[in-house]
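So the protein sequences, as listed, match chains E and P. Taking the numbering used here, I'd label the letters of the first sequence as residues 106 to 261. Taking the numbering used here, I'd label the letters of the second sequence as residues 106 to 261. Structure first, then comments.
Protein chains: 2
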Amino acid sequence: MTAPTADWLRLDQQICFSLNAAARAFGGVYRLILKDLGLTYPQYLAMLVLWEHGELPVKKLGEHLRLDSGTLSPLLKRLEAAGLVRRERSARDERSVQVRLTEEGTALRERALEVPPRIAAATGLDLDEISELRARLDRLTGALDAAALSETPGCA
Amino acid sequence: MTAPTADWLRLDQQICFSLNAAARAFGGVYRLILKDLGLTYPQYLAMLVLWEHGELPVKKLGEHLRLDSGTLSPLLKRLEAAGLVRRERSARDERSVQVRLTEEGTALRERALEVPPRIAAATGLDLDEISELRARLDRLTGALDAAALSETPGCA
DNA sequence: CACAATTAAGTTGTGCACAACCAATTGGCC
DNA sequence: GGCCAATTGGTTGTGCACAACTTAATTGTG
Chain E
106 MTAPTADWLR LDQQICFSLN AAARAFGGVY RLILKDLGLT YPQYLAMLVL WEHGELPVKK
166 LGEHLRLDSG TLSPLLKRLE AAGLVRRERS ARDERSVQVR LTEEGTALRE RALEVPPRIA
226 AATGLDLDEI SELRARLDRL TGALDAAALS ETPGCA
Chain P
106 MTAPTADWLR LDQQICFSLN AAARAFGGVY RLILKDLGLT YPQYLAMLVL WEHGELPVKK
166 LGEHLRLDSG TLSPLLKRLE AAGLVRRERS ARDERSVQVR LTEEGTALRE RALEVPPRIA
226 AATGLDLDEI SELRARLDRL TGALDAAALS ETPGCA
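This is the structure we're talking about:
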């Protein structure tokens, strides 16, 4: 673990940079494709969860997306302002806010069906390659999350 | 290209989500490790370029990082406020601003040397795997950039 | 030289990510 | 009933990403 330390700081050797660049390149492609739908990229991800689950509290939505309320609250307000979702306090638990699709939000799903194939085409990868890369990234995310937990105080 | 369209909208099938999640997981680990250095993650990336090239105009820095002046200007101001860099108009071309490391900024490199191995450890991957994943992501970024260009007006 | 086109930074506005903090509700406890 | 810890959302502040626009300097062309 004590090799050519000089090269370790080279930008083009940093996996984080490649990952960041790829994520932002994706963002750029999504921006173009989603413009028609009037959605941003994170808004689209939130809509994916809603299309799949129909209705769920903010907490659950955040667990699926790995986002906290500080990010979701304003995002959901914008989706509500766009008429795609409604937010209402749960009657059972007044602390919880249910997010549910409006008719308009539900209808948007039809137009969203064309998004994934266009994205897939833009990647230049076939379905198996996408699947394999996704699995690798998910393992990486798991390892990083685990490391973040153990790294927190002063271990290392 | 017209198969089980229902599944295409499932969040867990979206490569973009895995990529985003991995990038943010990286951000979290970097946040912890860089706190000692007083740098954010994008600031660290900018410093990597400066440590490698010593001094360069904002334009070149943006090309290395794939960032525009709208992102870099405030970021560099914060680095300047932290005493790590100086910005000065080029005498040759008054439009250009040279960014150069201060002594303090140069000295910080020593402490930054410990960052990559700690990050590498957090990924749980060996150097070959990191390298291979990085290459794959770079190809993906290239394909996405190319697609973004041809997608711009209404092709597809 | 004059002038249009280009280029480099910066500014403004929108939206996302996250930490830190706050308010309200709930549920267990005495 | 009254009290307290945990949970759920929300708010605020900082920083990044990017589009659109502005300003100033440079370059190309007649």
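Every residue gets a Cβ at the ideal spot worked out from N, C-alpha and C, and that includes glycine.
Spatial distance of residue i from residue j (CA atoms)
| i | j | result |
| --- | --- | --- |
| Leu170(P) | Arg239(P) | 15 Å |
| Asp198(P) | Asp243(P) | 33 Å |
| Gly132(P) | Ala130(E) | 17 Å |
| Val154(P) | Glu237(P) | 22 Å |
| Tyr146(E) | Leu181(E) | 13 Å |
| Asp231(E) | Val202(P) | 44 Å |
| Trp113(P) | Ala225(E) | 10 Å |
| Leu144(P) | Ser123(E) | 19 Å |
| Ser255(E) | Arg241(P) | 29 Å |
| Gly229(P) | Leu172(E) | 24 Å |
| Ala212(P) | Leu218(P) | 11 Å |
| Ala253(P) | Ser195(E) | 42 Å |
| Gln119(P) | Pro221(E) | 8 Å |
| Glu168(P) | Glu160(P) | 14 Å |
| Lys140(E) | Pro179(E) | 19 Å |
Candidates the options: closest to residue i by CA position
| i | options | result |
| --- | --- | --- |
| Arg200(E) | Ala225(E), Arg192(E) and Thr246(E) | Arg192(E) |
| Gly210(E) | Leu232(E), Gly229(E), Arg223(E) and Ala187(E) | Ala187(E) |
| Arg214(P) | Gln119(P), Tyr149(P) and Pro179(P) | Tyr149(P) |
| Asp250(P) | Leu142(E), Val134(E), Glu160(E) and Leu230(E) | Val134(E) |
| Thr207(E) | Met152(E), Asp141(E), Glu168(E) and Gly229(E) | Met152(E) |
| Leu142(P) | Arg216(P), Leu172(P) and Ser255(P) | Arg216(P) |
| Cys121(E) | Val202(P), Leu144(P) and Ile235(P) | Ile235(P) |
Partners in chain E for residue i, counting only beta-carbon separations shorter than 9 Å
| i | result |
| --- | --- |
| Gly229(P) | Arg244, Leu245, Gly247, Ala248, Leu249, Ala251 and Ala252 |
| Gly188(P) | By Cβ distance, chain E contributes nothing, its closest Cβ being about 20 Å from Gly188(P), past 9 Å. |
| Leu153(P) | Leu114, Arg115, Leu116, Gln119 and Phe122 |
Proximal chain P residues relative to residue i, where beta-carbon distance stays under 9 Å
| i | result |
| --- | --- |
| Gly167(E) | Near Gly167(E) there are no residues of chain P at all, since even the closest Cβ is about 13 Å away, more than 9 Å. |
Integer-rounded CB distance, given that residue j should sit under 8 Å from residue i
| i | j | result |
| --- | --- | --- |
| Ala126(E) | Thr246(P) | 5 Å |
| Arg136(P) | Glu157(E) | The pair is not a contact, with the Cβ atoms about 30 Å apart (cut-off 8 Å). |
| Leu184(E) | Leu166(E) | Contact doesn't hold; Cβ gap of about 11 Å is too wide. |
| Arg223(E) | Ile138(E) | 5 Å |
| Ser174(E) | Val163(E) | 6 Å |
| Ala128(P) | Ala248(E) | The Cβ separation is near 14 Å, so there is no contact. |
Cross-chain neighbours of residue i in chain P, by beta carbon under 7 Å
| i | result |
| --- | --- |
| Pro179(E) | Residues of chain P passing the Cβ test: none, with the nearest at roughly 17 Å. |
Chain P contact residues for residue i, given Cβ-Cβ distances below 8 Å
| i | result |
| --- | --- |
| Arg171(E) | Ala126 and Arg129 |
| Gly143(E) | Near Gly143(E) there are no residues of chain P at all, since even the closest Cβ is about 17 Å away, more than 8 Å. |
| Glu209(E) | Under the 8 Å cutoff, chain P gives no residues; its nearest Cβ is about 17 Å from Glu209(E). |
Helix, strand or coil at residue i according to DSSP, with G and I counted as helix
| i | result |
| --- | --- |
| Arg192(E) | strand |
| Leu230(P) | coil |
| Ala261(P) | Because Ala261(P) sits at a pLDDT of 32, beneath the cut-off of 50, its placement in the model cannot be relied upon, and the following sentence gives the value as read from the coordinates. In this structure, Ala261(P) counts as coil in the three-state DSSP scheme. |
| Glu319(E) | Residue 319(E) is absent from the structure shown; chain E starts at 106 and stops at 261. |
| Lys165(E) | helix |
| Leu89(P) | In the structure displayed, chain P extends from 106 to 261; residue 89(P) sits before or after that span and is not available. |
| Lys215(P) | Correcting the residue type first, residue 215(P) is Glu in the shown sequence and not Lys. Helix, per DSSP. |
Neighbour list for residue i in chain E, Cβ cutoff strictly below 8 Å
| i | result |
| --- | --- |
| Gly133(P) | Leu249, Asp250 and Ala253 |
| Ala217(P) | Leu114 |
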